[in-house]
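One structure is given below, encoded as structure tokens.
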DNA sequence: TCGATTTCAGTCGTACACGACATAAAACAT
DNA sequence: ATGTTTTATGTCGTGTACGACTGAAATCGA
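Chains as they are written, first to last, in our numbering: chain A, 1 to 144; chain B, 1001 to 1144.
Encoded structure:
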């Protein structure tokens, strides 16, 4: 039995599990809104700045375009966004919020704090603050 | 623009991204072995203790059985495990390593350290140590 | 300027991940 | 003992994720 092969010694497993469980904790909120976690991330990006090409959204999420494209197509079917041909660069597809997509920001604005309250039951806000730079360095380092 | 809705203020997005990027960093190693990241986790569990029912594996990974079952079926097709009916409780399916599955432990034993060396290029080993209890508390709290 | 290269978005195939549901077997209650 | 409930596993449908690849458009290079 190699010590380094124990599941409990794997940082990666903890990250993978924590990410899934937190996404799961968002579940009830997203169900109400009729969206999923990755769709929520796309909305966050578009609420910050509307009308972005697929590529910018994908890069921001560190996802491949072949993941983001179907995701956006589903969001378009649900009436949250539209995808219009770029005028300057016709290869691009510019993703724009619909009125329904814009309106959802009001519905979503309390979600982070409610989730935060849930999380802080288990870990202190200070610990939470400490984790952020660590994850940022990790992400930056593995970005490729 | 609600401050709490900025992507950069979301802990969850960092966890989600870090988990995906680390799993991606494992990619080349797994490709050599012909397995995936979740399959690797199952192998870790079985290398610790062979012959476990589906449910124990699922609980250990915090996954649903309807995720683990197909995963095990694929691993069976690849000749890494067998799934035999439980003798005490015939509802159970006991998952057993094949010789190929056991042999893979030798092939995998250096992966964690090699990955660790990669990660430590970007974050110190101390920071890494500090993150573990945080993630454990988070996971325990959200376990449900 | 025009052929080679790169970039943008997309399709396709495979593998998770999970909610809803199904089925059989074990455990429980009366 | 037998009907009810719970448990273990599984199927099915939907939605990510990503590698390999494609087609069209922009860019680059000689």
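Where is the CB? At the ideal position from N, CA and C, for every residue including glycine.
Cβ pair residue i, residue j closer than 8 Å
{"i": "residue 1007 of chain B", "j": "residue 48 of chain A", "result": "yes"}
{"i": "residue 15 of chain A", "j": "residue 1122 of chain B", "result": "no"}
{"i": "residue 1142 of chain B", "j": "residue 45 of chain A", "result": "no"}
{"i": "residue 1132 of chain B", "j": "residue 11 of chain A", "result": "yes"}
{"i": "residue 1033 of chain B", "j": "residue 1107 of chain B", "result": "yes"}
{"i": "residue 86 of chain A", "j": "residue 92 of chain A", "result": "yes"}
{"i": "residue 1019 of chain B", "j": "residue 1115 of chain B", "result": "no"}
Exposure of residue i, with buried meaning 16 or more beta-carbon neighbours within 10 Å
{"i": "residue 1101 of chain B", "result": "buried"}
{"i": "residue 1 of chain A", "result": "exposed"}
{"i": "residue 67 of chain A", "result": "exposed"}
{"i": "residue 125 of chain A", "result": "exposed"}
{"i": "residue 1103 of chain B", "result": "exposed"}
{"i": "residue 39 of chain A", "result": "buried"}
{"i": "residue 90 of chain A", "result": "exposed"}
Supposed close pair residue i, residue j - CB separation, criterion 8 Å
{"i": "residue 96 of chain A", "j": "residue 88 of chain A", "result": "Incorrect: roughly 15 Å between the Cβ atoms, too far for contact."}
{"i": "residue 1154 of chain B", "j": "residue 1054 of chain B", "result": "Residue 1154 of chain B lies beyond the residue range present for chain B, which begins at 1001 and ends at 1144; the question has no answer from this structure."}
{"i": "residue 1005 of chain B", "j": "residue 28 of chain A", "result": "Wrong, their Cβ atoms sit about 18 Å apart, outside the cutoff."}
{"i": "residue 1127 of chain B", "j": "residue 134 of chain A", "result": "5 Å"}
{"i": "residue 98 of chain A", "j": "residue 81 of chain A", "result": "6 Å"}
Helix, strand or coil at residue i [DSSP, three-state]
{"i": "residue 1093 of chain B", "result": "strand"}
{"i": "residue 85 of chain A", "result": "strand"}
{"i": "residue 1078 of chain B", "result": "coil"}
{"i": "residue 10 of chain A", "result": "coil"}
{"i": "residue 1052 of chain B", "result": "strand"}
{"i": "residue 1035 of chain B", "result": "coil"}
{"i": "residue 1026 of chain B", "result": "helix"}
{"i": "residue 40 of chain A", "result": "helix"}
{"i": "residue 1158 of chain B", "result": "The structure shown does not extend to residue 1158 of chain B, since chain B is modelled only from 1001 to 1144, so the question has no answer here."}
{"i": "residue 1143 of chain B", "result": "coil"}
{"i": "residue 137 of chain A", "result": "helix"}
{"i": "residue 119 of chain A", "result": "helix"}
{"i": "residue 1126 of chain B", "result": "helix"}
{"i": "residue 104 of chain A", "result": "helix"}
{"i": "residue 1015 of chain B", "result": "helix"}
{"i": "residue 1046 of chain B", "result": "helix"}
Check your understanding: What are the residues of the region 1008-1035 of chain B that lie near chain A, defined by any Cβ-Cβ distance shorter than 8 Å?
Key -> Correct list: 1009, 1010, 1011, 1012, 1013, 1014, 1015, 1016, 1017, 1018, 1019, 1020, 1021, 1022, 1023, 1024, 1025 and 1026.
Check your understanding: Residues in the region 1130-1143 of chain B with C-beta within 8 Å of chain A's C-beta atoms, listed in sequence order?
Key -> 1130, 1131, 1132, 1134, 1135, 1136, 1137, 1138, 1139, 1140, 1141, 1142 and 1143
Review point. The region 49-66 of chain A: which residues have C-beta closer than 9 Å to a C-beta of chain B, in chain order?
Key: 60, 61, 62 and 63
Check your understanding: Mind listing which residues of the region 36-48 of chain A have their C-beta closer than 9 Å to chain B's C-betas, in chain order?
Key -> Those would be 37, 38, 41, 43, 44, 45, 47 and 48, in chain order.
Practice item. Return the residues of the region 67-92 of chain A that lie within a Cβ-Cβ distance of less than 7 Å from chain B, sorted by chain order. Key: none
**Study point:** Members of the region 1092-1110 of chain B near chain A, C-beta cut-off 8 Å
**Key:** 1105, 1108 and 1109
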